[in-house]
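One structure is given here, and the rest of the page talks about it.
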Amino acid sequence: MPEEQTPFPSWLTRGMADLFPCGDVDNSDQNLAARLDAGLKLKKPLRIKLGIDPTSSSIHLGHSILFRKLRAFQDAGHTAVLIIGDFTAQIGDPTGKSITRVQLTSEEVEQNSETYLNQLGLGKPPGKAVLDFETPGLLEIHRNSEWFKGLDLSTVIELLGKSTVGQMLAKEDFAKRYSSGTAISLHEFLYPLLQGYDSVMIRADVELGGTDQKFNVAMGRDLQRHFKQKPQFGFLLPILAGLDGSQKMSKSLGNTVGIDEDPISMYSKLEKVPDNIVRSYVTLLTDLELDKLPENPRELQRAMALAVTETRHGSEAAKSAQISSAALVSGRLNIQADVPEVSISEITFPIKAFYLLSSLRICVSSSDARRKIEGGAVRIDGEKITNPNLEFSKRTVLLGKVLQLGKKTFRRFIN
0 MPEEQTPFPS
10 WLTRGMADLF
20 PCGDVDNSDQ
30 NLAARLDAGL
40 KLKKPLRIKL
50 GIDPTSSSIH
60 LGHSILFRKL
70 RAFQDAGHTA
80 VLIIGDFTAQ
90 IGDPTGKSIT
100 RVQLTSEEVE
110 QNSETYLNQL
120 GLGKPPGKAV
130 LDFETPGLLE
140 IHRNSEWFKG
150 LDLSTVIELL
160 GKSTVGQMLA
170 KEDFAKRYSS
180 GTAISLHEFL
190 YPLLQGYDSV
200 MIRADVELGG
210 TDQKFNVAMG
220 RDLQRHFKQK
230 PQFGFLLPIL
240 AGLDGSQKMS
250 KSLGNTVGID
260 EDPISMYSKL
270 EKVPDNIVRS
280 YVTLLTDLEL
290 DKLPENPREL
300 QRAMALAVTE
310 TRHGSEAAKS
320 AQISSAALVS
330 GRLNIQADVP
340 EVSISEITFP
350 IKAFYLLSSL
360 RICVSSSDAR
370 RKIEGGAVRI
380 DGEKITNPNL
390 EFSKRTVLLG
400 KVLQLGKKTF
410 RRFIN
């Protein structure tokens with residue numbers, strides 16, 4: 000967070016990693032507090048931009064940090080402008096990538112877009128949604144193909160003229176790849192420019208992004224100045240560490256919690272996060288008062304897990320998940336815990352244990368399932384199985400039983 004003291008409300012500064020520019024307190028082009036104040040006096044809400052490239056089919060808690068802040072702006076009366084990068088997703092943001100990303104088809108992007116919006120709460124009342132989709136004036140949704148599909152070559156050349164090869168190679172990801180001799184495709188240089196042009200098209204006052212997005216957000220400021228607009232503020236939030244406590248939360252690393260995961264799975268995963276990241280989870284994923292947190296690390300873990308689960312599923316479901324998780328871990332499986340179910344109706348029996356877990360996608364692969372079973376991480380109704388080739392002869396042998404993988408994953412077999 001910037002050192003300069005600003006009269007920002009706590010909902011705004013909570014979790015903030017960087018804000019730029021942060022200068023003259025009386026200049027609305029240099030100080031966000033001044034622009035907020037000017038907007039209030041003119042009864043003109045600020046336009047808060049968040050761009051998402053639907054390159055996968057699910058949103059995890061790491062993504063939700065930005066959506067939570069966007070919702071906070073909505074709740075304060077400002078307009079959230081959600082840009083679905085259906086055009087730029089087909090290029091792929093090179094940020095954080097050591098190789099050129101695989102380009103998606105328009106059909107894949109559109110399917111992912113619909114899934115994203117549903118997970119964010121489309122069709123739900125504001126109290127049960129991540130974003131407020133219903134209150135008039137608080138949300139605009141744009142697909143950037145609206146302006147990019149009709150972009151003529153002269154405008155593209157104009158945009159390219161606003162940056163240099165030197166500037167692009169100063170971007171950390173490009174610099175590493177260039178110095179290591181890893182190929183950089185020319186279309187990747189376009190991505191920061193196109194993201195910046197999004198800001199021009201929707202006249203953004205503030206752009207939200209992770210700390211890895213500073214280059215791209217700053218590009219938006221440059222292009223807005225070029226097109227005679229007030230430059231946006233860059234509002235950056237930290238990158239959430241995954242369940243391993245070290246690497247960023249990423250589906251490819253298997254250290255995520257999906258925002259639409261069932262309550263027991265969500266709570267069980269969260270109460271086991273390493274001590275070194277619990278407070279960051281509290282700050283970024285909950286509204287718990289930071290000066291009133293439990294001092295005991297275990298109590299803090301449980302409080303955080305309960306609060307995060309409550310934000311997604313409500314108080315009753317979260318408390319039920321907490322009770323059920325404790326009972327399941329302790330082996331008291333005779334209770335009627337609200338364990339998430341998995342259907343085995345499509346499974347062909349007889350089947351070996353390792354293949355069952357991979358077929359149900361409880362493990363990412365057959366080899367992963369073998370390792371988990373041999374390592375003693377798998378139980379069925381509390382009984383540990385260590386032979387990956389253990390064969391289940393028929394469906395009825397498993398129906399109603401609870402599968403436990405480690406201390407975080409539980410599934411009840413149903414037809």
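So for the sequence shown, numbering that gives the first Met the number 0 puts the first residue at 0; every next one is plus one. Ideal Cβ positions, reconstructed from N, Cα and C, are used throughout, including at glycine. Note that the structure is predicted; figures quoted are calculated from it, not measured.
{"Asked": "To the nearest angstrom, how far is the alpha carbon of Ser118 from that of Asp259?", "Found": "The sequence shown places Gln at residue 118, not Ser. Using only the alpha carbons, I get a separation of about 7 Å."}
{"Asked": "Determine the burial state of Pro191: buried for a count of at least 16 other Cβ atoms within 10 Å of its Cβ, exposed for fewer.", "Found": "buried"}
{"Asked": "Helix, strand or coil for Ser342 per DSSP?", "Found": "strand"}
{"Asked": "Kindly indicate the opening and closing residues of the alpha helix (DSSP H) around His141.", "Found": "Taken as a continuous stretch (DSSP letters only), His141 belongs to no alpha helix (DSSP H), being part of the beta strand (DSSP E) at Leu138 to Arg142."}
{"Asked": "Consult DSSP for Arg202 and reduce its assignment to one of helix, strand or coil.", "Found": "coil"}
{"Asked": "With 8 Å as the threshold, decide whether the Cβ of Arg278 is near any Cβ in chain C.", "Found": "Absent from the structure: chain C. Only one protein chain is present."}
{"Asked": "How is Ile379 classed by DSSP in three states: helix, strand or coil?", "Found": "strand"}
{"Asked": "Which term fits Ser267, buried or exposed, when burial requires 16 or more other beta carbons within 10 angstroms of its beta carbon?", "Found": "buried"}
{"Asked": "Can you name the residues that DSSP bridges to Lys48?", "Found": "Val80 and Glu206"}
{"Asked": "Determine the direct distance from the alpha carbon of Val272 to that of Thr78, and round the result to whole angstroms.", "Found": "34 Å"}
{"Asked": "How long is the line joining the alpha carbons of Ile98 and Ser179, rounded to whole angstroms?", "Found": "Low local confidence applies: a pLDDT of 49 at Ile98 is under 50, so the model's placement there is unreliable, with the coordinate-based value given in what follows. About 11 Å."}
{"Asked": "Which value, in whole angstroms, describes the spacing of the CA atoms of Gly50 and Asp85?", "Found": "10 Å"}
{"Asked": "Please check the pair Ser112 and Ile83, which I expect to be a contact at CB under 8 Å, by giving their CB distance rounded to whole angstroms.", "Found": "5 Å"}
{"Asked": "Figure out for me which residue from Met167, Thr385 and Lys148 has the closest Cα to the Cα of Gln89.", "Found": "Lys148"}
{"Asked": "Would you call Thr308 buried or exposed, if buried means 16 or more other Cβ atoms sit within 10 Å of its Cβ?", "Found": "buried"}
{"Asked": "Secondary structure at Arg224, three-state DSSP: helix, strand or coil?", "Found": "helix"}
{"Asked": "Tell me which residue opens and which closes the beta strand (DSSP E) that Ile276 is part of.", "Found": "Unbroken run through Ile276 is the alpha helix (DSSP H), Asp274 to Leu284; no beta strand (DSSP E)."}
{"Asked": "Output the boundary residues of the alpha helix (DSSP H) element that contains Leu235.", "Found": "Where Leu235 is concerned, there is no enclosing alpha helix (DSSP H), although the beta strand (DSSP E) it sits in stretches over Phe232 to Leu236."}
{"Asked": "Among the residues of its own chain, which have a CB less than 6 Å from the CB of Leu402, if the five just before and after it don't count?", "Found": "Ile379 and Arg410"}
{"Asked": "How far does the beta strand (DSSP E) with Asp17 in it extend, from its first residue to its last?", "Found": "Asp17 to Phe19"}
{"Asked": "Does Trp10 pass the burial test, meaning 16 or more other C-beta atoms within 10 Å, or should it be called exposed?", "Found": "exposed"}
{"Asked": "With DSSP as the reference, please indicate the residues paired to Gly257 in a beta bridge.", "Found": "His59"}
{"Asked": "Leaving aside the five residues before and after Ser56 along the sequence, list all residues of the same chain whose C-beta is less than 8 Å from its C-beta, in chain order.", "Found": "Gln110, Asn111 and Thr114"}
{"Asked": "Taking 8 Å as the threshold (C-beta atoms), are Leu252 and Gly241 in contact?", "Found": "yes"}
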